[in-house]
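J.:
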Amino acid sequence: MPYVTPSHPAPAARTGRSRGGRPLRRLVAALAAAVTLATGAALVAPATEARAAVPPAAAALERVTNFGANPGALTMYVHRPAALPANAPVVVALHGCTQSAQLHADNSGLNTFADRHGFLVVYAETTTANNANKCFNWFQTGDNRRGQGEAASIRQMVAHATSAYGTDPARAQVTGLSAGGAMTSVLLAAYPEVFAAGAVVAGIPYGCGVDVISAFGCMSPGVDRTPAAWAQAVRDAHPGHAGPWPRVAIWHGDNDPTVVPRNADELRDQWTAVHGLGQTPDRTSTLAPNNTRRSEYVTAGGRTAVEVNRVPGIGHGTPVAPGTGPQQCGATGTQHFIASICSSYWITRFFGLDGTVTEPPTEPPVDPPTEPAACWTASNYEHVRAGRATTTGGYAYAKGSGQNLGLYNTFVTHTLKETPPGHYTIATGSCP
């Protein structure tokens, strides 16, 4: 399937019913079409990121009809392991733009771990009647609010999974790619009592976009807000909820040109602040086989509430590692499933679904040996675009340290050193 605009938020009107919070549709469609024409070529994944392997024949997903109230006009599918235990966990999986539930299932590798560890996967699917590019409408107020639209439909799918398949309502998780990742943020904010945890892959913080134009700004160059402001957006999504809050794993490619890496920082700021944690990691490590850099933000009880996984050398997509090894999964037969690391393995582990002990450690966490600092040489414009710096009043400032980098343009160049992850300083000869 061609995958031209992976996070393109151009909506299409749904016939026969009115949706609150939608702007003038003809104007929106015209603006979105213009942006598509202007940026479409830049959003196509490089050929090296795609079609490295053809996905093997996979079992068709089971379509579920009449799952209950469906104000978002979504379709529900499930992958049910042959031996699904009673009170099994459930994971909701949300595809990216122009994709389908089946495509996501065939390539993400999530079903591999559902079969191995015994949990149900619910695949929600949107249509071109909802959005011209089959994106979840994470930026539309009619779809990203509690009790409304697509968010409400997905919540109903979780309820139906409990009644129809006997899943444990206390062990519901959600994950998604791109627009599906942004909708994951929506669900964690709007229904914090429903989802124990979530994993946002190449996604966007909750409360960033309110329409098509602002949605593109969220994607690139990204929006910089204080942790307190981001956290308040989450609290406002369900004002009656005082906790506990979902645990959140964030996955993002270092070279993502579509949803820029700054969004991983802003997601971290949002959810660490919601959990009452600081933005300096308590633990850092690297994951094989590609040295993905992991930062963990740990509660007083020793449990990881938020983690950020920065995947080196990849663009916009879900990291997968085709193969039959215990930490391998997925396929790269379509764009935006990128040969790298099996993110579904680590997401399953973060959710606590792989049978490993998830109780807090009895001893204080010990950091692994410090990894060499990552260094980046680029113009101030590129540093801001990549999320390594912010811009205010025409000047660029290093993210974390706040060092003034000079004028925000393509002519001023600096080498920035990243240590710890997410904290950048001007390199002074200590970079390789």
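Per numbering that gives the first Met the number 0, the sequence shown runs over residues 0 to 431.
Glycine included, every Cβ here is placed at the ideal spot set by N, Cα and C.
As the structure is a prediction and not an experimental result, all values here were calculated from the model.
#1: Restricting to Cα atoms, I'd like to know which of MET75, ALA59, THR285 is closest to ASN65.
#2: Among the candidates GLY141, THR166, ARG144, PRO220, whose CA atom is the shortest distance from the CA of VAL77?
#3: Specify, as a first and last residue, the run of the beta strand (DSSP E) that THR414 falls within.
#4: Under DSSP, the alpha helix (DSSP H) around HIS432 begins and ends at which residues?
#5: Use the C-beta contact count for PRO55: other C-beta atoms within 10 angstroms, 16 or more gives buried, fewer gives exposed.
#6: Just the Cα atoms here: how many angstroms apart are GLU149 and THR427?
#7: Closest to THR317 by CA distance: which of ILE340, HIS116, TYR296 is it?
#8: Near VAL173, what residues of its chain come up, given a Cβ to Cβ distance below 6 angstroms and the 5 sequence neighbours on each side ignored?
#9: Report, in whole angstroms, the separation of the C-beta atoms of ARG435 and GLY221, which I expect to be a contact under 8 angstroms.
#10: Under 8 angstroms: do the segment 239–258 and the segment 267–284 share three or more Cβ pairs, one atom per stretch?
#11: Would you decide whether ASN132 is buried or exposed? Buried here means 16 or more other CB atoms lie within 10 Å of its CB.
#12: Just how far apart, CA to CA, sit GLY354 and LEU83?
#13: How far does the alpha helix (DSSP H) with THR225 in it extend, from its first residue to its last?
#14: State yes or no: is the C-beta of TRP137 within less than 8 angstroms of the C-beta of ALA181?
#15: In its own chain, which residues sit with a C-beta less than 8 angstroms from the C-beta of ALA68, not counting the 5 before and 5 after it?
#16: Suppose contacts are defined by Cβ-Cβ distances below 8 angstroms. Is SER219 in contact with ALA201 by that definition?
#17: For ALA373, I'd like the list of residues in its chain whose CB is within less than 7 angstroms of its CB, leaving aside the five on either flank, ordered along the chain.
#18: Going by C-alpha distance, which of PRO191, TYR380, TYR407 is nearest ALA232?
#19: For ALA230, I'd like the list of residues in its chain whose CB is within less than 7 angstroms of its CB, leaving aside the five on either flank, ordered along the chain.
#20: For ARG282, report the span of its alpha helix (DSSP H) as first-last.
#21: Report the residue from ALA100, VAL307, THR414, THR391 whose alpha carbon sits nearest the alpha carbon of LEU406.
#22: May I ask you to list the residues that DSSP assigns as paired with PHE336?
#23: Around the C-beta of ILE337, are 16 or more other C-beta atoms found within 10 angstroms, so that it is buried, or is it exposed?
#24: Could you spell out where the beta strand (DSSP E) holding THR376 opens and where it closes?
#25: Can you look up THR161 in the DSSP assignment and give me helix, strand or coil?
#26: Alpha carbon to alpha carbon, what distance is there between SER342 and ALA287?
#27: Of all the options LEU415, LEU73, ASP105, HIS237, which has the alpha carbon lying nearest to the alpha carbon of ALA58?
#28: Does the separation of the CB atoms of ARG79 and TYR164 fall below 8 angstroms?
#29: If you draw a straight line from the alpha carbon of TYR2 to that of ASN308, how long is it in whole angstroms?
#30: Going by DSSP, which residues form a beta bridge with ARG62?
#31: Run through the segment 251–297 for me and flag every whole alpha helix (DSSP H) of 4 or more residues, listed as ranges in chain order.
#32: Quick check: ALA352 and HIS116, are their CB atoms within less than 8 angstroms of each other?
#33: Quick one: is ARG62 buried, meaning 16 or more other Cβ sit within 10 Å of its Cβ, or exposed?
#34: Residues in the same chain with beta-carbon distance under 7 angstroms from GLU295, minus the five sequence neighbours each way, listed in chain order, please.
#35: Hey, out of ALA171, THR331, VAL120, GLY421, whose CA is closest to GLU265's CA?
T.: In terms of the structure at hand:
#1: The residue you call residue 65 lines up with position 66 of the sequence shown. Per the Cα distances, MET75.
#2: To locate residue 77, count along the sequence shown from 1; it is residue 78. The shortest C-alpha separation from VAL77 is found at THR166.
#3: In the sequence shown, residue 414 corresponds to position 415, counting from 1. Start and end: 412–417.
#4: One cannot answer for residue 432 here, as it falls past the ends of the chain, which runs 0 to 431.
#5: Position 56 of the sequence shown holds residue 55. Interpretation of PRO55 is limited by its pLDDT of 48, a score under 50 that renders its predicted location unreliable; no figure is taken from the coordinates.
#6: Position 150 of the sequence shown, counted from the first residue, corresponds to residue 149. Position 428 of the sequence shown, counted from the first residue, corresponds to residue 427. Rounded to the nearest angstrom, the two C-alpha atoms are 49 angstroms apart.
#7: One-based indexing of the sequence shown puts residue 317 at position 318. Nearest of ILE340, HIS116, TYR296 to THR317, Cα basis: ILE340.
#8: Taking the first residue of the sequence shown as position 1, residue 173 is located at position 174. These residues qualify, in order along the chain: VAL91, THR183, LEU186, PHE194, GLY197.
#9: Beyond the ends of the chain as shown, which are 0 and 431, falls residue 435; an answer cannot be given.
#10: yes
#11: Position 133 of the sequence shown holds residue 132. ASN132 should be labelled buried.
#12: Taking the sequence shown and counting its residues from 1, the one referred to as residue 354 is at position 355. Taking the sequence shown and counting its residues from 1, the one referred to as residue 83 is at position 84. About 15 angstroms.
#13: Numbered from 1 along the sequence shown, position 226 holds the residue referred to as residue 225. Unbroken run through THR225: none, as it is neither H nor E.
#14: Locating residue 137 in the sequence shown gives position 138, counting from the first residue. Locating residue 181 in the sequence shown gives position 182, counting from the first residue. Taking 8 angstroms as the Cβ cut-off, TRP137 and ALA181 qualify as a contacting pair.
#15: Your numbering for residue 68 matches position 69 in the sequence shown. Only ALA151, SER152, GLN155 meet the Cβ criterion.
#16: Here residue 219 refers to the residue found at position 220 when the sequence shown is read from its first residue. Here residue 201 refers to the residue found at position 202 when the sequence shown is read from its first residue. No, the Cβ-Cβ distance between SER219 and ALA201 is not below 8 angstroms.
#17: The residue labelled residue 373 in the question sits at position 374 within the sequence shown. The answer, listed in chain order, is GLU417.
#18: By 1-based counting over the sequence shown, the position of residue 232 is 233. Of the listed residues, the one whose Cα sits closest to ALA232 is PRO191.
#19: Reading the sequence shown from its first residue, position 231 is the one you call residue 230. Once the five neighbours on either side are set aside, the close Cβ partners of ALA230 are GLN269, ALA272, VAL273.
#20: If you number the sequence shown from 1, residue 282 lands on position 283. Element bounds for ARG282: not the alpha helix (DSSP H) but the beta strand (DSSP E), 282–286.
#21: Counting from 1 along the sequence shown, the entry for residue 406 is found at position 407. It is THR391.
#22: As a working mapping, residue 336 is identified with position 337 in the sequence shown. In the DSSP output, where bridge partners are listed per residue, PHE336 has THR317.
#23: Here residue 337 refers to the residue found at position 338 when the sequence shown is read from its first residue. Under this definition ILE337 is a buried residue.
#24: Numbered from its first residue, the sequence shown carries residue 376 at position 377. Counting along the chain, the beta strand (DSSP E) containing THR376 begins and ends at 373–378.
#25: Taking the sequence shown and counting its residues from 1, the one referred to as residue 161 is at position 162. Of the three classes helix, strand and coil, the one that applies to THR161 here is helix, per DSSP.
#26: By one-based count along the sequence shown, residue 287 stands at place 288. By one-based count along the sequence shown, residue 342 stands at place 343. Each residue's Cα considered, the two are about 11 angstroms apart.
#27: Reading the sequence shown from its first residue, position 59 is the one you call residue 58. Comparing Cα positions, the closest option is ASP105.
#28: On the sequence shown, residue 79 is found 80 positions in, with the first residue counted as 1. On the sequence shown, residue 164 is found 165 positions in, with the first residue counted as 1. Yes; because the gap between Cβ atoms is below 8 angstroms, this pair is in contact.
#29: For this step, residue 2 is matched to residue 3 along the sequence shown. For this step, residue 308 is matched to residue 309 along the sequence shown. Residue placement at TYR2 cannot be trusted, given a pLDDT of 35 that sits under 50; the coordinates are not used to answer.
#30: The residue given as residue 62 occupies position 63 in the sequence shown. Paired residue(s): TYR76.
#31: 261–273
#32: As a position in the sequence shown, residue 352 is number 353, starting the count at 1. As a position in the sequence shown, residue 116 is number 117, starting the count at 1. Sequence check: residue 352 is Leu here, not Ala. Cβ distance < 8 angstroms, so LEU352 and HIS116 count as in contact.
#33: As a first step, residue 62 must be located in the sequence shown, where it is residue number 63. Exposed, since its Cβ has fewer than 16 Cβ neighbours within 10 Å.
#34: As a first step, residue 295 must be located in the sequence shown, where it is residue number 296. These residues qualify, in order along the chain: PRO280, ASP281, ARG282, THR303, GLU306.
#35: Along the sequence shown, read from residue 1 onward, the residue named residue 265 stands at position 266. When each option's Cα is compared against that of GLU265, the closest is GLY421.
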